[in-house]
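A short write-up of the structure that comes next.
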Amino acid sequence: MPVRTGKSNTTTLMEFVLLGFSDIPHLQWMIFGIFLFLYFTILMCNSIIILITKTDPALQTPMYFFLSNFSVLEICYVTATMPRMLMDLCTQKGTISFYACATQMCFVLLLGGTECLLLTVMAYDRYVAICNPLQYPVVMSHKVCIQLVAASWVSGIPVEIGQTYQIFSLPFCGSNKINHFFCDIPPLLNLACGDTFVNEMAVYVVAVLFVMVPFILISASYGKIISNILKMSSARGRAKAFSTCSSHLTVVVLFYGTATIITYLRPEASHSAETDKVLSLFYTIVTPMFNPMIYSLRNKDVIMALRKLLGK
94 MPVRTGKSNT TTLMEFVLLG FSDIPHLQWM IFGIFLFLYF TILMCNSIII
144 LITKTDPALQ TPMYFFLSNF SVLEICYVTA TMPRMLMDLC TQKGTISFYA
194 CATQMCFVLL LGGTECLLLT VMAYDRYVAI CNPLQYPVVM SHKVCIQLVA
244 ASWVSGIPVE IGQTYQIFSL PFCGSNKINH FFCDIPPLLN LACGDTFVNE
294 MAVYVVAVLF VMVPFILISA SYGKIISNIL KMSSARGRAK AFSTCSSHLT
344 VVVLFYGTAT IITYLRPEAS HSAETDKVLS LFYTIVTPMF NPMIYSLRNK
394 DVIMALRKLL GK
């Protein structure tokens, strides 16, 4: 709904239309059913992880404290996009108000940044556990763990609110159709009028701070971890050390490989609306669905806790 200003001929959009999967109308209900199933699967699997890490005595360690928080984050992350997408598939309208769009973008950016930081904290936890095992109880005390998690959740709030405000301060005076299933930065910048160079540079700066820097820290941590593991004389010790890290490393590769680097750090000229939509499905839906499975299937402690829970 465009509103014309009194002193000029420009118009300001008061609502957008999320196109989503409107290009395949004959498959709308099938897609709705698939995504509804995936949403409940994500909620159930991550809730189980939270439950067992809170109740099982064997899982009262920093690693599982971080895993529990990571599952909470995944539930929040997927809830920021999927309910809205399911409603749009059901109603086949896709209209979203200006402020609702801004709110959704802010939460998606904030939770995405938190995920990058929390993955970094989890990598640091594994680094201390394997490279400095004698100092681990002191370095990763419960107080420190809470501080690290709180910092991961809070650090991005002012930055992402500022970035959202900056983008939604742009004039949107043309089409109001967003070729996406949620309010994301690239499709919104495509709708903005005038020069968006400053906004694009701001996106890259924030991406470097919240994506590339954590990725470099994670890579450095695992470089040290792998070097330390290879120096172990016991084959059993090496296998155990690798098993405690492999799940987290798989999640890191899955999240970074399909999402942030490809979506936000590739050249603007290579952006494609359809490609962005497919990639977004990976990091907003597929990754949160597979994460609890990855941690469950590759972790003996989690499997034992699940068996106890099912036994009860």
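Adding 93 to a residue's 1-based position in the sequence shown gives its number in the working numbering. All residues carry an ideal CB built from backbone N, CA and C; glycine is no exception.
Per DSSP, the unbroken beta strand (DSSP E) holding residue 188 starts and ends at 188-190. Cβ contact annotation for residue 307 (same chain, cutoff 8 angstroms, sequence separation greater than five): 209, 210, 212 and 213, in chain order. When DSSP reads this structure, residue 109 sits in a beta bridge with 189. Of all alpha-carbon atoms in 284, 261 and 315, the one lying nearest the alpha-carbon of residue 270 is that of 284.
For residue 217, the closest alpha carbon among the candidates 375, 312 and 175 is that of 312. DSSP places residue 150 outside any alpha helix (DSSP H), giving it a letter other than H or E. With a threshold of 16 other beta carbon atoms within 10 Å, residue 377 meets it and is buried. The beta-carbon separation of residue 331 and residue 322, rounded to 5 angstroms, stays under the 8 angstroms limit for a contact.
Contact between residue 276 and residue 194 holds: CB atoms are separated by about 4 angstroms, below the 8 angstroms threshold. Residue 171 and residue 326 have their C-alpha atoms spaced approximately 43 angstroms apart. Linking residue 179 to residue 343 through their CA atoms gives a straight-line distance of about 29 angstroms.
With three or more CB-CB distances shorter than 8 angstroms, the stretch 389-398 counts as touching the stretch 135-154. A contact between stretches requires three or more CB pairs, one per stretch, nearer than 8 angstroms, and the stretch 220-235 fails this requirement with the stretch 245-264.
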